[in-house]
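Take the sequence shown: its position 192, counted from the start at 1, is 326 in this note's numbering, and no numbers get skipped.
Don't be surprised by glycine CBs; every beta carbon is placed ideally from N, CA and C.
Please read the structure below before turning to the comments.
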Amino acid sequence: MAGRIEDYALIGDMQTAALVCRDGTVDWLCLPRFDSHAVFAGLLGNEEHGFWRLGPAHAADAEPPSASRRSYRGDSLVLESEWDTPRGTVRVTDFMPPRDGAPQLIRIVEGVSGRVPMRSALRMRFSYGRVVPWVHKHEGRTVAVAGPDSVWFDTTAETYGKSLTTYADFTVAPGEKIAFTISWQPSHKEPPALPEPEQSLEATEEFWREWVEHCTYHGPYREAVIRSLITLKALTYAPTGGIVAAPTTSLPEHIGGVRNWDYRYTWLRDAAITLSSLLRTGYREEARAWREWLLRAVAGDPENLQIMYGIAGERELGEAELDWLPGYENSAPVRVGNGAAHQLQLDVYGEVTEALHLAHMTGLARNDYAALLQLKLIRYLEDHWDEPDEGIWEVRGPRRHFVHSKVMAWVAVDRTIKLIESGDADGPLEKWRELRDDIHRDVCERGYDKERNTFTQSYGSKELDASLLLIPQVGFLPPDDKRVIGTIEAIQRELSTSDGFILRYPTSGDDEGVDGLPGDEGAFLACSFWMADDLAMIGRVDEARKLFEKLLALRNDLGLLAEEWDPLLKRQVGNFPQAFSHVPLIDTALRLTASGAYGG
135 MAGRIEDYAL
145 IGDMQTAALV
155 CRDGTVDWLC
165 LPRFDSHAVF
175 AGLLGNEEHG
185 FWRLGPAHAA
195 DAEPPSASRR
205 SYRGDSLVLE
215 SEWDTPRGTV
225 RVTDFMPPRD
235 GAPQLIRIVE
245 GVSGRVPMRS
255 ALRMRFSYGR
265 VVPWVHKHEG
275 RTVAVAGPDS
285 VWFDTTAETY
295 GKSLTTYADF
305 TVAPGEKIAF
315 TISWQPSHKE
325 PPALPEPEQS
335 LEATEEFWRE
345 WVEHCTYHGP
355 YREAVIRSLI
365 TLKALTYAPT
375 GGIVAAPTTS
385 LPEHIGGVRN
395 WDYRYTWLRD
405 AAITLSSLLR
415 TGYREEARAW
425 REWLLRAVAG
435 DPENLQIMYG
445 IAGERELGEA
455 ELDWLPGYEN
465 SAPVRVGNGA
475 AHQLQLDVYG
485 EVTEALHLAH
495 MTGLARNDYA
505 ALLQLKLIRY
515 LEDHWDEPDE
525 GIWEVRGPRR
535 HFVHSKVMAW
545 VAVDRTIKLI
555 ESGDADGPLE
565 KWRELRDDIH
575 RDVCERGYDK
585 ERNTFTQSYG
595 SKELDASLLL
605 IPQVGFLPPD
615 DKRVIGTIEA
625 IQRELSTSDG
635 FILRYPTSGD
645 DEGVDGLPGD
655 EGAFLACSFW
665 MADDLAMIGR
675 VDEARKLFEK
685 LLALRNDLGL
695 LAEEWDPLLK
705 RQVGNFPQAF
715 SHVPLIDTAL
725 RLTASGAYGG
């Protein structure tokens, strides 16, 4: 059985990623890309669906022991796990080198004290655990082949096969090192080069050390910010600049429920806010790469803008269910692909335009097509801003006039007006100023409940929505506006959990709610960070800091966050790690640092 979501560590090479549990088991790895089929899918099933365990030997009828301690090596994505056993202490170093050739996962075992018996158990299952590969020896190397894929396994330890699994049993003494590597290669090509584990480790550490040096944030929350930035970088697909929302699929928002989605794609919204956080902390190259990805993905068809694309800009992300996988803790169905790709979400136009605006304001070299794209997006909004849509949360119920969507349409128009006013684009300035005013008036008249002094989720509804917390952050209204303060306080009253975290919107248990789905979900971590931001903006800085530090305490021991927090089970839920949680962590840290709202 897979571990708790927060029991996992992330390692990756900026093209794919693996999750390593506390007991030394790799339960998730897709090769060669984030969105490829999984070679290890035990996370969504059991050991029959693929895993790689490396740790101290244990009795067959006993649970594998969890590491006594683990951490990333400095500011890197190199994981070190140590076990204290009755026979001594052993260390395992796991990492994936930034790719220069075949993708590799390298694991180095090192004796620290005593003589520790160890075991490696490698069970490769292609196509999300469905296909048993042909495992054989080739010129002294072990290779697993199935269809177009091959995975090569290299080690100096003696290996043997049993029960369709490759084992190595060995003992390490102090200072002794034994390396294990798997490398992916198309099955029709020549074998990949033999790995060089120690040189790869040194190069990987150097890569992260140099990358972190570019960070311009040096405030009191630097440790949390740096770890979040490294995580966001790890979620970037280096060849194209696309940014995945998370490296996993179908980790449930509610344990045992159906809210299980594939996040291994590039949402324009998530990528845009990720871009803004990277820009604010000194990472302009990532911003440039994402802008180029955006221009290629949208190409000449902004009128048919999708909310998400594949990591290379693919448009077709057809959704399917993998019925042979029981799901994480029996949370079914397991889905790949995402049927929400073709939804209408008008807020995306605002997030993309805001990201392009911020890139322009921070001095990113001008791109004429980026400015042209921005103008085309506004021309589309001219005719469509007043239509109902599925909104930021991708509801699978009927379309509505979501207030957040209208606010972000206003943002798109406002930022484009600023671009024209700066002289870097041409457009019908007066016409679009009138459009900006029309959208603003419409929201304030139809999306605001005067009796309760709060904006509502959609026109004519009584429900609240945490996305309304973004109204002051995007400049739609000033923080001291009574309607803003009223909305913040209403969300605190009606969408707050018992431990003070914020839900996205009301859900209806076994009945279908506004999102068209049964079941409940956890507190959405991004929304709780937004609340901390808003509290700081309206002068309640001590309250903001306390909430922010409570949120930091939810991170696992390695500083990672999933999408949500289950207030009843007291555990992380949803896909992991989640860009949409780490981005607002960075933003809130920057805001609190600027306001001086931190302790010590």
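Quiz item: Would Val629 pass as a contact of Val618 if the rule is Cβ separation under 7 Å?
Solution: Note that residue 629 is Leu in the sequence shown, not Val. Against a cut-off of 7 Å, the Cβ pair of Val618 and Leu629 comes out as no contact.
Practice problem: Check the C-beta distance from Ala505 over to Leu553 and give it rounded, since I have them as a contact under 8 Å. | Solution: Rounded, the Cβ-Cβ distance is 7 Å, consistent with contact.
Quiz item: Can you tell me the Cα-Cα spacing of Arg249 and Lys311, whole angstroms?
Solution: Computed Cα separation, rounded: 12 Å.
Quiz prompt | Extent of the continuous alpha helix (DSSP H) to which Phe260 belongs | solution = For Phe260, the enclosing alpha helix (DSSP H) stretches over residues 260 to 263.
Quiz item: Rounded to a whole number of angstroms, what is the C-alpha to C-alpha distance between Arg689 and Leu703?
Solution: Between Arg689 and Leu703, the C-alpha separation is close to 15 Å.
Self-check item: Host beta strand (DSSP E) of Glu244 (start-end)
Solution: Segment 238 to 248, the beta strand (DSSP E) holding Glu244.
Quiz item: Taking buried to mean at least 16 other C-beta atoms within 10 Å of its own C-beta, is Glu214 buried or exposed?
Solution: The residue is buried, with at least 16 neighbouring Cβ atoms inside 10 Å.
Quiz item: How would you write the range of the beta strand (DSSP E) that Leu213 sits in, first residue to last?
Solution: Per DSSP, Leu213 is one residue of the beta strand (DSSP E) stretching across 213 to 219.
Quiz prompt | Residues near Val547 by beta carbon distance below 7 Å, same chain, minus five either side | solution = Here the set comprises Ile512, Leu515, Trp566, Leu569, Arg570, Ile573.
Quiz item: Counting pairs of beta carbons, one from the stretch 335 to 347 and one from the stretch 272 to 283, are three or more of them closer than 8 Å?
Solution: The stretch 335 to 347, when compared against the stretch 272 to 283, does not touch it at the 8 Å Cβ threshold.
Practice problem: Using beta-carbon positions only, say whether Gly184 and Phe174 come within less than 7 Å of one another. | Solution: Yes, Cβ-Cβ distance for Gly184 and Phe174 is below 7 Å.
Quiz item: Would a C-beta distance cut-off of 7 Å place Ser729 and Ala670 closer than the cut-off?
Solution: Yes; because the gap between Cβ atoms is below 7 Å, this pair is in contact.
Exercise. Could you confirm whether any beta carbon from chain D is found closer than 7 Å to the beta carbon of Trp458?
Key: Structure shown: chain D not included; a single protein chain is present.
Practice problem: Measure how close the beta-carbons of Ala666 and Thr408 come, nearest whole angstrom, since I'm counting them as under 8 Å. | Solution: Not really, about 19 Å apart at Cβ, beyond 8 Å.
Quiz item: Between Met736 and Asn394, which are expected to be in contact by the criterion C-beta below 8 Å, what is the C-beta distance as a whole number of angstroms?
Solution: The requested residue 736 is not part of the displayed model; the chain covers only 135 to 734.
Practice problem: Specify the secondary structure class of Leu480 as computed by DSSP and reduced to three states. | Solution: Per DSSP, reduced to three states, the secondary structure at Leu480 is coil, with no helix or strand assignment.
Exercise. May I have the straight-line CA-CA distance separating Thr382 from Leu563, to the nearest angstrom?
Key: Each residue's Cα considered, the two are about 44 Å apart.
Quiz item: Considering only residues of the same chain and omitting the five flanking positions on each side of Ala368, which have a CB-CB separation below 7 Å?
Solution: Within the same chain, Ala368 has close Cβ partners Leu144, Gly146, Met148, Ala151, Leu211.
Quiz item: Do you know offhand how far Glu485's Cα is from Asp523's?
Solution: When rounded, the distance between both Cα atoms is 16 Å.
Practice problem: Can you check the stretch 277 to 337 for any beta strand (DSSP E) of at least 3 residues that lies completely inside it and give the ranges in chain order? | Solution: DSSP runs (the beta strand (DSSP E)) wholly in the stretch 277 to 337: 283 to 289, 294 to 296, 299 to 306, 311 to 320.
Self-check item: Residues bridged to Gly146 [DSSP beta-bridge criterion]
Solution: Bridge partners of Gly146: Ala151.
Self-check item: Helix, strand or coil at Asp404 according to DSSP, with G and I counted as helix
Solution: Asp404: helix per DSSP, three-state reduction.
Self-check item: Environment of Ile139 [buried if 16+ CB atoms lie within 10 Å]
Solution: Classified as buried, Ile139 has 16 or more neighbouring CB atoms from the shown chains inside 10 Å of its CB.
Exercise. State the DSSP-derived secondary structure class of Thr487, mapped to helix, strand or coil.
Key: Here Thr487 carries a helix assignment [DSSP, helix/strand/coil].
Quiz item: For the beta strand (DSSP E) that Asp700 lies in, which residues bound it at each end?
Solution: 698 to 700 is the span of the beta strand (DSSP E), which, as asked, contains Asp700.
Practice problem: Please work out which residues of its chain come closer than 7 Å, Cβ to Cβ, to Leu726, disregarding the five sequence neighbours upstream and downstream, and give them in chain order. | Solution: Cβ neighbours of Leu726 beyond the five flanking positions: Ala670, Ala678, Arg679, Phe682, Tyr732.
Self-check item: Local conformation of Leu163 per DSSP, three classes
Solution: Three-state DSSP puts Leu163 in a strand.
Quiz prompt | Span separating the alpha-carbon of Ile445 from that of Thr300 | solution = If I take the Cα positions, the gap works out to 33 Å.
Practice problem: Rank Glu197, Phe229, Lys596 by C-alpha distance to the C-alpha of Ser205 and give the top, closest one. | Solution: When only C-alpha atoms are compared, the closest one is Phe229.
Quiz item: Nearest-angstrom Cα distance between Arg257 and Ala278?
Solution: Each residue's Cα considered, the two are about 10 Å apart.
Practice problem: Assign His491 to one of two classes, buried (16 or more other C-beta atoms within 10 Å of its C-beta) or exposed (fewer than that). | Solution: The residue is buried, with at least 16 neighbouring Cβ atoms inside 10 Å.
Quiz item: For the beta strand (DSSP E) that contains Ala136, what are its first and last residues?
Solution: Careful: Ala136 lies outside any beta strand (DSSP E) and carries neither H nor E.
Quiz prompt | Own chain residues within Cβ distance below 7 Å of Glu450, not counting five before or after | solution = Nothing listed; no residue qualifies.
Self-check item: Extent of the continuous alpha helix (DSSP H) to which Lys552 belongs
Solution: Per DSSP, the unbroken alpha helix (DSSP H) holding Lys552 starts and ends at 537 to 555.
Quiz prompt | Start-end ranges of the alpha helix (DSSP H) lying completely within the stretch 675 to 734, minimum 4 residues | solution = Counting whole runs of 4 or more residues, the stretch 675 to 734 contains the alpha helix (DSSP H) stretches 675 to 686, 713 to 729.
Self-check item: Helix, strand or coil at Glu646 [DSSP, three-state]
Solution: Only weak support exists for where Glu646 lies, its pLDDT of 49 falling under 50; the value from the coordinates is given anyway. Residue state for Glu646 is assigned as coil, using DSSP reduced to three classes.
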